[in-house]
Amino acid sequence: MKAIVATGYGSPEVLKFQEVAMPVVNEHEVLVKIHASIVTRADTMMRTGKPYIGRLITGFAKPKKAISGAGFAGTVEMVGRGVTAFKKGDRVFGETALEGGTNAEFVAVTDAGVLVHMPDEMSFEDAATFADGPITSFNFLMEIAKMKKGDKVLINGASGSLGTAAVQIAKYFGGEVTAVASHRNLGMVKSLGADHVIDYTKKDVTSGENQYDIIYDTVGTMKFGMAKRILTDHGQFVSPVLSGRILLQMLLGSGGKKKAKFAATGMRSSEELVKILESLVKIYKDGKLKVIVDRQFPLVKVAEAHRYVDTGRKRGNIVIIH
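With positions in the sequence shown counted from 1, the corresponding number in our numbering is that position plus 1053.
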């Protein structure tokens, strides 16, 4: 089969379109013919091997898992003898987390993994994105920060894949949402339900007078030391972007009652992640979760997709069509 193979750490040029062996399906695995996958900021960070602390998990000299990609949507091609929840022809979506392997024609996933049936009204392109922005933002807002109805939520980087999902999820659960984005994206995030918008090119949000119960920094550009100024007394600063700085802040507890929190969504149990995806499907079917797709690329051009994500100008999601 055709796949995108990471030959090492570095620029997008390390990603090669190659012929590789088909996955071997064991008794409790499902072989999925992939119709759509995604390229995310997390994918580009794994490609570069930075921050270096991440190589403790992904591999020191080069990625342990050569085929890139985590999120996917497709149809079941084959099931192992012990699989009962899925059958050939089922439309499914999910993620493989650190196992990778989804920027390829086929992927084998365990039937006890993060694999969910797709509703009829959902497209493959939309479903593939759920493994990035929606699942991560739901986890941070609802599971880590424990957002409550009426909470004031600031979303930094509101126009990206995580941010566009976060705006809608926070609104769905009754939050008062302030979205931080560039001027060209303010209209978009407002249309997704943001109550207030801030153009970060014109205003330093941490210098304002408004305070927030939750600050969700989707892009890792805000310092907790500055964010504390605009957190309520028991406010929480949460970010999915791993850095030595935020780890130190967590260990030191330097904010007193104000907390900085990081977590790797992909490290949660498959059962927990499936429950999150099922919750997201409900929000989607209620018409309250719109997927924003910036660009689509064919599988052979995954390296080009990485180059585009590296520009930092991505709006919403980047989808790979197989």
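Glycine residues also receive a C-beta, built at the ideal position from the N, C-alpha and C atoms.
Quick caveat, the model's predicted, so the values are computed rather than measured.
DSSP assignment within the segment 1327 to 1371 yields the following whole alpha helix (DSSP H) runs of 4 residues or more, N-terminal first: 1355 to 1363.
Sequence-distant partners of Ile1197 (beyond 5 residues in either direction) whose C-beta falls short of 7 Å from its own C-beta, in its chain, are Val1291, Lys1314 and Ala1316.
If you keep only unbroken alpha helix (DSSP H) runs of at least 4 residues inside the segment 1225 to 1305, you get 1239 to 1244, 1277 to 1280 and 1297 to 1305. Each residue's CA atom was taken as its position, placing Gly1228 and Leu1326 some 22 Å apart. Residue environment for Leu1342: buried (at least 16 other C-beta atoms within 10 angstroms of its C-beta).
Inclusion of Lys1205 and Tyr1269 in the CB contact set at 9 Å is not warranted, their separation being larger than that value.
Bridge pairing for Glu1196: absent [DSSP]. Where Ile1120 is concerned, there is no enclosing beta strand (DSSP E), because DSSP gives it neither an H nor an E. Beyond the five residues adjoining it in sequence on each side, Val1344 comes within less than 6 Å, by CB distance, of Asp1179 and Thr1182 in the same chain, given in chain order. When the alpha-carbon of Asn1263 is set against those of Lys1276, Lys1255 and Arg1282, the nearest one is in Arg1282. Setting aside the 5 residues that flank it on each side, Lys1069 is surrounded in the same chain by Val1058 and Thr1060, each with a C-beta closer than 6 Å to its C-beta; the list follows chain order. Non-local beta-carbon contacts of Ala1150 in its own chain, meaning distances under 8 Å to residues more than five positions away in sequence, involve Ala1123, Val1167, Gly1319 and Met1320 in chain order. Looking only at Lys1255, Ser1322 and Val1092, the smallest Cα-Cα distance to Gly1369 is reached by Val1092.
Under the DSSP definition of a beta bridge, Val1160 partners with Val1085. Distances from the alpha-carbon of Phe1139 to those of Lys1311, Gly1261, Glu1082 and Leu1239 put Glu1082 closest.
The C-alpha of Thr1271 lies about 17 Å from the C-alpha of His1249. Ser1176 sits in coil when the DSSP states are folded into three classes, being neither helix nor strand. Take the alpha-carbon of Gly1135 and the one of Val1078: they are about 11 Å apart. The segment 1083 to 1090 makes contact with the segment 1115 to 1132, as at least three CB pairs between them are under 8 Å.
Ala1219 and Val1067 have their C-alpha atoms roughly 32 Å apart. A check of alpha carbon separations from His1236 across Lys1255, Tyr1225, Ser1244 and Arg1144 identifies Lys1255 as the nearest. Assignment of alpha helix (DSSP H) within the segment 1056 to 1110, counting only whole runs of 4 or more residues, yields 1094 to 1101 in chain order. The DSSP-derived three-state label of Gly1112 is coil.
Beta-bridge partners of Phe1146 (DSSP): Ala1126 and Val1169. The distance from the Cβ of Val1258 to that of Ala1247 is about 13 Å, inconsistent with a contact at the 8 Å cut-off. Of the residues Ser1212, Val1242, Met1075 and Asp1286, the one whose Cα lies closest to the Cα of Phe1159 is Met1075. In this structure Met1099 is buried. Its beta-carbon is surrounded by 16 or more other beta-carbon atoms within 10 angstroms. Residue pairing of Val1132 in beta bridges, as defined by DSSP: Val1083.
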